[in-house]
Amino acid sequence: MVHNLRRLWPFLALLVLWEVAGQFQLVAGGALPALSDIAVRFWADRADYPGHVQATLVASGAGFVIGNAVAVAAGLLFTLVPVTARVARGLNIAIFALPPIAIAPILALTLDGMAPRIVLAALGVYFVTMQATVTGLSQFDSRAGDLVRAYGGGRGAVMRFVQVRGALPAILSGFRVAAPNAVLGAILAEFGGGGRWGLGTYLLGSLGRGEPARLWGIGLTATLIAGLSYAVFALISARTLGSTRAVSLNPAVPAGGDAERGKWLVTLASFLLPFAVWWGFLWVLQVPAMLGKTPYDIVQYLFIGPGAAAAQGKLLAALAETIPITLVGMAAGLAFAFALAVSSQLVPAFTRAFLPVALITQTMPLVALTPLLVLMLGRGSAVTLWITVSVTFFPAYVMIAQGLSQVPRAALELPRAYGASAWRQLRLVAIPASLPWFFAAARLTAPRALLGVMIAEWLATGRGLGNLLNQSRGYMDFGMIWAVAVTSVVVSVAFYQVALLIEQRVLRRTVAQRDD
Amino acid sequence: MTDAPAGITIAGLSKTFGAGGRAVEALRDVSLICPPGSFTALIGPSGCGKSTILRASLGLEPVDAGRVKIGGLAPAAATRAGLTGVAFQDAALLPWRSVAANVALPLEVLGRPVGAAKGRIRDLIALVGLKGREDALPGELSGGMRQRVAIARALVSEPKVLFLDEPFGALDQILRRQMNIELQRIWAETGVTTLLVTHGIDEAVFLADRVAVMQAGPGRIVEVVEIPLPRPRDPALFSDPAFHHLCDRIATLLHAGAAHGA
Numbered sequence: 089m090v091h092n093l094r095r096l097w098p099f100l101a102l103l104v105l106w107e108v109a110g111q112f113q114l115v116a117g118g119a120l121p122a123l124s125d126i127a128v129r130f131w132a133d134r135a136d137y138p139g140h141v142q143a144t145l146v147a148s149g150a151g152f153v154i155g156n157a158v159a160v161a162a163g164l165l166f167t168l169v170p171v172t173a174r175v176a177r178g179l180n181i182a183i184f185a186l187p188p189i190a191i192a193p194i195l196a197l198t199l200d201g202m203a204p205r206i207v208l209a210a211l212g213v214y215f216v217t218m219q220a221t222v223t224g225l226s227q228f229d230s231r232a233g234d235l236v237r238a239y240g241g242g243r244g245a246v247m248r249f250v251q252v253r254g255a256l257p258a259i260l261s262g263f264r265v266a267a268p269n270a271v272l273g274a275i276l277a278e279f280g281g282g283g284r285w286g287l288g289t290y291l292l293g294s295l296g297r298g299e300p301a302r303l304w305g306i307g308l309t310a311t312l313i314a315g316l317s318y319a320v321f322a323l324i325s326a327r328t329l330g331s332t333r334a335v336s337l338n339p340a341v342p343a344g345g346d347a348e349r350g351k352w353l354v355t356l357a358s359f360l361l362p363f364a365v366w367w368g369f370l371w372v373l374q375v376p377a378m379l380g381k382t383p384y385d386i387v388q389y390l391f392i393g394p395g396a397a398a399a400q401g402k403l404l405a406a407l408a409e410t411i412p413i414t415l416v417g418m419a420a421g422l423a424f425a426f427a428l429a430v431s432s433q434l435v436p437a438f439t440r441a442f443l444p445v446a447l448i449t450q451t452m453p454l455v456a457l458t459p460l461l462v463l464m465l466g467r468g469s470a471v472t473l474w475i476t477v478s479v480t481f482f483p484a485y486v487m488i489a490q491g492l493s494q495v496p497r498a499a500l501e502l503p504r505a506y507g508a509s510a511w512r513q514l515r516l517v518a519i520p521a522s523l524p525w526f527f528a529a530a531r532l533t534a535p536r537a538l539l540g541v542m543i544a545e546w547l548a549t550g551r552g553l554g555n556l557l558n559q560s561r562g563y564m565d566f567g568m569i570w571a572v573a574v575t576s577v578v579v580s581v582a583f584y585q586v587a588l589l590i591e592q593r594v595l596r597r598t599v600a601q602r603d604d
Numbered sequence: 123m124t125d126a127p128a129g130i131t132i133a134g135l136s137k138t139f140g141a142g143g144r145a146v147e148a149l150r151d152v153s154l155i156c157p158p159g160s161f162t163a164l165i166g167p168s169g170c171g172k173s174t175i176l177r178a179s180l181g182l183e184p185v186d187a188g189r190v191k192i193g194g195l196a197p198a199a200a201t202r203a204g205l206t207g208v209a210f211q212d213a214a215l216l217p218w219r220s221v222a223a224n225v226a227l228p229l230e231v232l233g234r235p236v237g238a239a240k241g242r243i244r245d246l247i248a249l250v251g252l253k254g255r256e257d258a259l260p261g262e263l264s265g266g267m268r269q270r271v272a273i274a275r276a277l278v279s280e281p282k283v284l285f286l287d288e289p290f291g292a293l294d295q296i297l298r299r300q301m302n303i304e305l306q307r308i309w310a311e312t313g314v315t316t317l318l319v320t321h322g323i324d325e326a327v328f329l330a331d332r333v334a335v336m337q338a339g340p341g342r343i344v345e346v347v348e349i350p351l352p353r354p355r356d357p358a359l360f361s362d363p364a365f366h367h368l369c370d371r372i373a374t375l376l377h378a379g380a381a382h383g384a
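Going down the list, the sequences are from chains A and B. Each residue of the first sequence is one higher than the one before, starting from 89 at the first, in the working numbering. Each residue of the second sequence is one higher than the one before, starting from 123 at the first, in the working numbering.
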């Protein structure tokens with residue numbers, strides 16, 4: 089109990105600080121209202137909330153169920169028939185990397201009613217749970233597997249008796265991490281898709297009014313829903329499994345691929361599958377050609393058609409604005425996280441106090457956070473940079489700190505035992521030990537950084553890809569909407585692949601050195 | 123046990139792990155015959171391939187040459203027919219299953235009815251000294267208890283042939299002696315043909331009719347030592363000069379290999 093109270097200290101301090109800052113209008117001339125003002129405003133708006141909250145809950149709940157069902161089934165398939173995992177690799181990465189805000193308008197064009205929200209929520213859930221399922225199913229006790237095989241049991245028997253039940257903790261932790269993603273997905277679809285109800289709609293409608301207290305109320309409500317959904321699954325897995333494993337993004341390095349027959353064929357299939365799914369989606373739904381653009385239409389629009397040069401120019405100009413700031417923000421966020429995580433090795437108490445706050449901030453849906461940051465930082469590049477840094481910084485910090493905490497105490501202290509200075513100790517052990525986590529963080533946060541930049545551009549700065557997307561919606565320039573969506577997915581996947589390549593390069597070198 | 127126990131015939135097993143410059147010859151032309159109802163111990167230094175022989179006998183490991191017959195059947199057919207029982211060095215219990223459900227696992231894998239075997243499962247749990255712990259989860263048991271669950275599990279399918287891969291390797295010396303005495307009793311009661319892989323010389327001599335001594339690099343059987351000590355054997359045997367004489371002989375064979383290998 090006393091221990092729990094001590095852990096709550098940073099929160100209480102933060103809340104008090106917030107109230108004081110709000111009361112005396114210390115931040116950006118009152119853009120950060122006091123907690124009490126937010127509560128008062130919330131009470132005044134109380135009639136608005138139930139409808140919006142309900143709409144968001146229904147969409148994210150349905151998306152959560154559908155996305156997880158597909159994800160678990162896919163995980164089973166990928167484990168039982170490994171070649172399917174390799175063929176689906178491109179599609180999986182595309183789903184992981186796609187900025188939801190970019191495809192929200194597309195879904196709104198091609199689907200009706202709640203469907204866009206449910207699909208976006210499901211897409212947000214799929215990758216996390218699919219990967220957790222595959223990890224859980226493949227990390228079973230091989231000796232228990234041997235036992236089943238020693239009684240003539242085949243692959244199916246091992247799966248049934250050992251793997252499925254053994255994967256349950258991992259799958260449940262996948263659900264836990266995925267739950268807030270479903271909420272974010274639903275809100276983003278509300279944002280980009282119109283409609284009357286939903287927290288995203290409410291937020292969008294309140295954006296122009298300059299009422300910080302209301303925006304904060306909506307943002308905090310969204311955070312609360314996301315946080316609660318996380319907590320519910322944390323509770324379920326603690327109850328059923330007694331597992332208290334800390335959860336963050338899975339840093340496992342995807343295998344670089346083995347040299348085997350038909351490898352290029354699999355790679356080709358993996359590359360083509362996302363396009364096949366895209367085409368199939370339009371064909372199955374019989375989307376009118378004016379709204380739904382096929383890959384061929386996009387090529388036509390950007391390279392062949394009469395307006396191709398103009399469209400290309402707009403797109404390239406937007407990319408030139410979006411990409412540099414994303415990279416700069418990511419680099420700053422990663423560097424900051426790395427420095428803090430490594431140096432907090434020296435001050436462990438700081439880490440303990442800081443981690444819960446970092447995790448809470450991560451739960452706040454980006455789309456709710458952005459308007460608040462716009463209030464405080466204005467509509468310049470500062471807001472974009474800040475979002476990118478925060479989006480990259482927190483997961484990277486959590487991952488690197490967790491990675492460091494897995495290094496055996498003895499290994500960390502060994503240099504100390506030989507009289508090494510604190511700095512030398514860092515250089516010899518802590519920094520090399522945290523490098524893999526640093527690269528994993530870069531790879532896994534890149535798509536989120538792009539998403540953050542695009543949201544900021546859409547809502548605040550009026551620049552770059554996000555703005556181009558928003559404008560094209562206004563002009564009903566369907567070709568451009570699709571072109572921006574596809575481009576942003578390609579850019580995001582490229583970031584991911586480049587980070588992965590560097591990661592594999594660097595890790596292979598360290599492993600090779602160890603072998604010598 | 124209505125049918126007579128089946129024997130094990132291992133003929134000319136060879137196995138090489140890896141390929142090219144890194145290839146390791148794990149087994150070279152290993153042959154061994156375990157007559158029905160006999161108790162054979164396989165002893166040797168770490169990495170001599172004794173576990174590989176056992177895994178190959180169960181069809182868990184493909185071999186480059188040679189074959190194994192259990193009661194006249196190939197390993198895959200024998201295991202599927204439920205002729206064999208097995209316990210590994212690690213109990214490998216499923217953590218979410220109770221003791222009784224873990225013991226029942228082989229029956230489920232073999233597709234036999236578990237309900238009809240309720241009584242036998244209870245008896246087996248009593249036989250290994252865990253009466254009253256039927257519903258406990260593995261996490262609530264000590265290492266020795268878990269290993270005893272694994273022994274009960276190995277017997278639940280009423281096997282004709284029992285494969286034991288250092289089943290007591292992780293136990294302390296006192297518990298190990300105790301388990302050796304219990305294993306001898308179980309073997310005498312069931313008459314099951316047993317192949318025990320171990321690196322404990324006294325354990326091998328105490329339990330077995332014959333001890334096959336292996337050397338590494340490449341893994342091969344150098345000699346099969348007959349153990350003509352009368353049965354039933356009791357703990358007093360551990361201080362018998364004849365017992366020590368046999369132990370010394372096996373130790374000498376093992377050391378000869380170590381001297382060459384080094």
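Even glycine gets a Cβ: it sits at the ideal position worked out from N, Cα and C.
So the candidates are the options; which of them puts its Cα closest to the Cα of residue i?
| i | options | result |
| --- | --- | --- |
| B:VAL283 | B:ARG202, B:ALA223, B:GLY134, B:ALA239 | B:ARG202 |
| B:LEU195 | B:ARG371, B:ILE132, B:PHE139, B:ALA209 | B:ILE132 |
| A:PRO193 | A:GLY293, A:GLY567, A:VAL578, A:PHE363 | A:GLY567 |
| B:MET267 | B:ALA276, B:LEU252, B:SER279, B:THR312 | B:LEU252 |
| B:ALA276 | B:GLY265, B:SER264, B:PRO289 | B:PRO289 |
| B:GLY171 | B:ALA213, B:ASP151, B:ARG299, B:CYS156 | B:ASP151 |
| B:GLY207 | B:CYS156, B:LEU286, B:GLY237 | B:LEU286 |
| B:PRO281 | B:ALA310, B:PRO260, B:PHE210, B:VAL314 | B:VAL314 |
| A:VAL160 | A:ALA505, A:SER124, A:ALA258, A:TYR290 | A:ALA258 |
| A:GLY293 | A:ASP125, A:LEU547, A:PHE482, A:ILE183 | A:LEU547 |
Between residue i and residue j, what straight-line distance do the alpha-carbon atoms span, to the nearest angstrom?
| i | j | result |
| --- | --- | --- |
| B:GLY181 | A:GLY507 | 54 Å |
| A:GLY466 | A:ALA267 | 31 Å |
| A:THR382 | A:GLN388 | 10 Å |
| A:ALA582 | A:VAL141 | 36 Å |
| B:GLN306 | A:GLY315 | 59 Å |
| A:ILE206 | A:LEU195 | 10 Å |
| A:LEU460 | A:PRO300 | 8 Å |
| A:LEU308 | A:LEU403 | 35 Å |
| A:ALA619 | A:ALA238 | Residue 619 of chain A falls outside the range modelled here, since chain A spans only 89 to 604, and no answer is possible. |
| A:SER522 | B:HIS367 | 57 Å |
| B:ASP356 | B:ASP362 | 11 Å |
| A:PRO520 | B:ILE247 | 50 Å |
| A:ALA210 | A:VAL153 | 8 Å |
| A:LEU415 | B:GLY291 | 55 Å |
| A:VAL128 | A:GLY178 | 49 Å |
| A:PRO138 | A:THR311 | 16 Å |
| A:ALA534 | A:THR223 | 22 Å |
By the three-class DSSP mapping on this structure, what secondary structure does residue i have?
| i | result |
| --- | --- |
| A:PHE130 | helix |
| A:THR410 | helix |
| B:ASP151 | strand |
| A:PHE99 | helix |
| A:GLN388 | helix |
| B:MET267 | helix |
| B:THR374 | helix |
| A:GLY205 | Per the sequence shown, residue 205 of chain A should be read as Arg rather than Gly. Three-state result, A:ARG205: helix. |
| B:ASP245 | helix |
| B:ALA214 | coil |
Using 8 Å for Cβ pairs, my map puts residue i next to residue j. What's the rounded Cβ distance?
| i | j | result |
| --- | --- | --- |
| B:VAL347 | B:ILE323 | Contact flag wrong, Cβ pair sits at about 11 Å. |
| A:GLY254 | A:VAL213 | Between A:VAL213 and A:GLY254 the Cβ distance is about 22 Å, and since that is not below 8 Å, they are no contact. |
Which of the residues in the stretch 230-264 of chain B, read from start to end, lie with their CB under 8 Å from any CB of chain A?
Cβ contacts with chain A come from GLU230, VAL231, LEU232.
Could you name the residues of the stretch 213-246 of chain A whose beta carbon sits closer than 7 Å to any beta carbon of chain B, in the order they occur along the chain?
Going along the stretch 213-246 of chain A in chain order, one finds ASP229, ARG231, ALA232, ASP234, LEU235, VAL236, ARG237, ALA238, TYR239, GLY240, GLY241, ALA245 with a Cβ nearer than 7 Å to chain B.
The stretch 278-305 of chain B: which residues have C-beta closer than 9 Å to a C-beta of chain A, in chain order?
Taking 9 Å as the Cβ-Cβ cut-off against chain A, the residues of the stretch 278-305 of chain B that qualify are SER279, PHE285.
Please list the residues of the stretch 351-362 of chain A that have a C-beta atom closer than 8 Å to any C-beta atom in chain B, keeping them in chain order.
Cβ contacts with chain B: none found.
For the stretch 316-331 of chain A, which residues have a CB atom closer than 7 Å to at least one CB atom of chain B, in sequence order?
Along the stretch 316-331 of chain A, there is no position whose C-beta sits under 7 Å from a C-beta of chain B.
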